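Numbering (this note's numbering), first residue to last: 214 to 641.
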């Protein structure tokens with residue numbers, strides 16, 4: 214085997230037995246050499262002692278979509294052709310080491326048990342892995358003695374499961390390393406030239422593609438233009454509650470999904486989103502208690518509460534509607550009209566033109582609106598008409614309910630002006 218020079222940022226992989234860490238997350242932009250270095254480590258480690266190594270990603274329709282080819286190339290580059298046997302769908306070492314390759318998307322809690330016994334797991338393209346896939350994979354692959362899970366990714370969104378849980382999560386069991394082309398001494402001159410050209414032409418895109426900074430707004434985001442305008446006008450800032458104005462709430466009520474609530478104050482055409490709340494698997498009494506607590510703590514004086522039309526539907530077991538349940542809890546809900554998704558989207562576009570957001574209180578809701586998007590059709594190479602139903606849907610639908618009812622919100626007193634603060638960027 215040829216002598217291997219290990220870049221300093223990848224040395225934690227080689228000292229994993231001393232580190233007492235379970236997860237190793239490598240994130241950053243293009244050209245950092247993440248995949249090559251991780252592949253080299255796995256091949257060297259697999260040659261030292263017997264391992265069962267699982268290489269997985271969210272979607273793998275064929276072996277061509279895996280790192281099988283990369284590992285095969287690195288076996289030749291490292292001079293390990295005598296040690297590893299490269300088969301069509303797996304790689305085997307003469308000491309019993311095995312590399313297997315799998316997609317996670319279609320696995321269930323039961324079928325994922327086939328991964329038991331993996332001593333090292335490499336999750337590649339980890340930015341695409343769902344929270345559900347993580348929830349069934351991780352408990353399965355950490356059952357061996359001294360397991361190791363490596364994740365490599367070019368971040369897409371701050372809300373992506375691996376990025377939010379492991380990069381932003383500040384976990385004690387995780388080593389997090391950011392690696393970019395600027396750290397890679399072997400980065401080809403052609404790639405460096407491309408990066409520097411994008412840096413000059415489109416710095417925001419350069420930060421995302423080459424420095425691995427997650428996008429604030431998803432590709433296909435429905436309200437992309439509106440939030441770009443909001444950014445230019447610095448309308449995500451400190452928006453204090455005004456005791457002279459009533460508070461309106463708009464809801465998206467979930468049964469198995471989260472329930473989201475927005476809190477608004479309105480003066481003239483100016484809409485102030487002062488607060489936001491979202492929770493999952495909680496009874497309606499929980500949300501009534503949240504309203505009570507905010508009223509007591511912040512002095513919110515509620516005027517009206519807007520909910521979707523299905524709040525009037527009766528529960529099959531109790532025969533009582535959620536509208537009646539909320540009334541029994543002290544909150545009379547205003548039932549919305551039965552309108553289509555596009556009606557809500559168009560109303561939201563108009564609503565956003567005059568909306569100011571409190572950066573801290575509405576952080577999750579803002580992120581949801583920025584990431585409410587249409588699904589991309591790979592075959593037709595265009596976005597579908599129907600929005601994606603995911604974590605961003607609930608807050609976006611709740612906001613849309615407020616937009617549809619803007620004409621029912623009216624100021625009743627002279628408000629305090631929003632402080633005009635100069636800011637260099639969103640939520641800064």
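Beta carbons are placed, not taken as given, at the ideal position from N, Cα and C, and that holds for glycine. If you're wondering where the values come from, they're calculated on a predicted model, not measured in any experiment.
Check                                                                                                             : Outcome
Boundaries of the alpha helix (DSSP H) in which residue 248 is found, first to last residue                       : 247-261
Rounded straight-line distance, which links the Cα of residue 341 to that of residue 391                          : 18 angstroms
Close beta carbons around residue 441, own chain, < 6 angstroms, minus the five adjacent residues each side       : none
7 angstroms Cβ shell around residue 554 - same chain, five flanking residues per side excluded                    : 600
DSSP three-state assignment for residue 230, whether helix, strand or coil                                        : helix
Residue 223, enclosing alpha helix (DSSP H) - first and last residue                                              : Element bounds for residue 223: n/a, residue is neither H nor E.
Neighbourhood of residue 557 by C-beta, 8 angstroms cutoff - its chain only, sequence neighbours within 5 removed : 610, 613, 614, 616 and 617
Interface flag, residue 332 vs chain D, CB-CB below 8 angstroms                                                   : Among the chains in the structure shown there is no chain D, since it carries only a single protein chain.
Of the residues 576, 379 and 549, the one placed nearest residue 620, counting alpha carbons only                 : 549
Where residue 233 falls, given that 16 or more other Cβ within 10 Å makes a residue buried                        : exposed
Rounded C-alpha distance that separates residue 361 from residue 561                                              : 46 angstroms
Short Cβ contact (8 angstroms threshold) for residue 242 with residue 394                                         : yes
CA nearest to the CA of residue 500, picked from 540, 281, 603 and 512                                            : 540
The segment 491-507 touching the segment 531-545, judged by at least three CB pairs closer than 8 angstroms       : yes
Counterpart residues of residue 335 in DSSP-defined beta bridges                                                  : 268 and 363
Nearest neighbour of residue 473, chosen from 352, 518 and 456 [CA to CA]                                         : 518
Close Cβ partners of residue 515 (< 6 angstroms) along its chain, the five nearest in sequence each way excluded  : 460
Buried or exposed (CB count within 10 angstroms, at least 16 for buried), residue 324                             : exposed
Residue 546 - partner residues in DSSP beta bridges                                                               : 518
8 angstroms Cβ cutoff met for residue 575 and residue 522                                                         : no
Three or more C-beta pairs below 8 angstroms linking the segment 219-235 and the segment 247-254                  : yes
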